[in-house]
Amino acid sequence: EIGGGMAPQVMKLYVVFSSLEIFDKLCSSFGQDILEALYASASSHARGWRGEMALDLLVAYGYLTAHTLVLFYQAVALSVAINSNSNVLLTLLISNNFTELKTNVFKRCEAENLFQVSCADAVERFNLSMYLLIVLVQFVFVQKEELTAARLHEVSHAFLMICVCEIMVDWIKHAFVTKFNRMRPDVYAKFTRILCADTAASATTQEPLANVAARMGFVPLPLFCLAIRVFGNEVLPTLAITVP
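Position 53 of the sequence shown, counting from 1, maps to 57 under my numbering, and the rest follow consecutively.
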């Protein structure tokens, strides 16, 4: 049971999670085009005007900064939820996942739409695994708490709750979508073949895996910037690495 003092905290975290998720989707939808425009202007020898590349670089820098900040605050919000009362994390997971189920389950869905949903779920799971890794790194290297048995059990329970809840919601969602739209389970094998074909086609281009990332709606550069920020500024200084 969540008390009266805990309810505002849950509402604030829910609003923050929902807002950051919307901003993340907006940044991802524009990010691939922005980076492709920068690559095209950098590799093209015939530019329309002299400042075209500088403008594209400025726009790309602003986008990367904004998207990296969104991902950073998503990791911070998840860390706050994990370090809060377990009821807060459970209520937040139920609220977010119920909204996801309501959005996708009771709608007409074609195979193309299911493919996009599957790609979005794969990207979401990868991002979530990175957030959990960042939370674990902050727990070990930044907070420097003693890894007592009780504390380790509490953190492990929170991580397991998040992973199990995410997997169960995805299973339920895809089970309902395929049942109500009368799709066979082997449609997922077709999706896998499409991604494998994109991977094979990208191997012969100057941008490896660019087709796969574009099809899945995954922009890896902001997440890479976040990982560099966390591991470079918070992990390496605590390791006290010195050059002989």
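Heads up, the beta-carbon is just placed ideally off N, CA and C, and yes, glycines get one too. Predicted model only: the values in this text are computed from it and were never measured.
Cut-off 7 Å between Cβ atoms - residues of its own chain near residue i, not counting five sequence neighbours on either side
i	result
Val168	none
Ala249	With the chain covering only 5 through 248, there is no way to say anything about residue 249.
Leu68	Leu225, Pro226 and Cys229
Ala218	Gln36
Gly66	none
Environment of residue i [buried if 16+ CB atoms lie within 10 Å]
i	result
Ala64	buried
Glu170	buried
Leu42	buried
Ala154	exposed
Leu62	exposed
Phe2	Because residue 2 is not part of the residues shown, which for the chain are 5 to 248, the question remains open.
Leu59	exposed
Leu136	buried
Ile166	buried
Ala162	buried
Pro189	exposed
Leu164	exposed
Pro12	exposed
Gly236	exposed
Cβ pair residue i, residue j closer than 8 Å
i	j	result
Cys123	His71	no
Thr203	Val223	no
Gly221	Val80	no
Ser104	Lys177	It is worth fixing the name first, because residue 104 is Glu in this sequence and not Ser. Taking 8 Å as the Cβ cut-off, Glu104 and Lys177 qualify as a contacting pair.
Leu82	Val139	yes
Glu238	Phe145	yes
Val74	Phe130	no
Val181	Asn108	yes
Val20	Val141	no
Met187	Leu118	yes
Proximal residues to residue i (C-beta, below 6 Å), its chain only, five neighbours per side dropped
i	result
Asp174	Asp125
Leu156	none
Phe76	Leu230
Asn185	Cys113
Ile232	none
Ile98	none
Gln78	Leu24
Same chain, Cβ closer than 8 Å to residue i, five either side skipped, listed in chain order
i	result
Ala205	Asn215
Ile198	Phe119 and Arg219
Is it true that the segment 35-46 meets the segment 188-201, where meeting means three or more beta-carbon pairs spaced less than 8 Å apart?
-> Not touching, per the Cβ criterion.
Identify every run of the beta strand (DSSP E) within the segment 54-136, keeping only runs that are complete inside it and at least 3 residues long; order them along the chain.
-> Here no run is fully enclosed.
4-residue-minimum alpha helix (DSSP H) runs that sit fully inside the segment 203-237, ordered along the chain = The alpha helix (DSSP H) runs lying completely inside the segment 203-237 and spanning 4 residues or more are 214-220 and 224-234, given in chain order.
Enumerated in chain order, which unbroken segments of the alpha helix (DSSP H) with a length of 4 residues or greater are wholly contained in the segment 141-196?
-> Restricted to the segment 141-196, the alpha helix (DSSP H) segments that are unbroken, complete and at least 4 residues in length are 153-184, listed in chain order.
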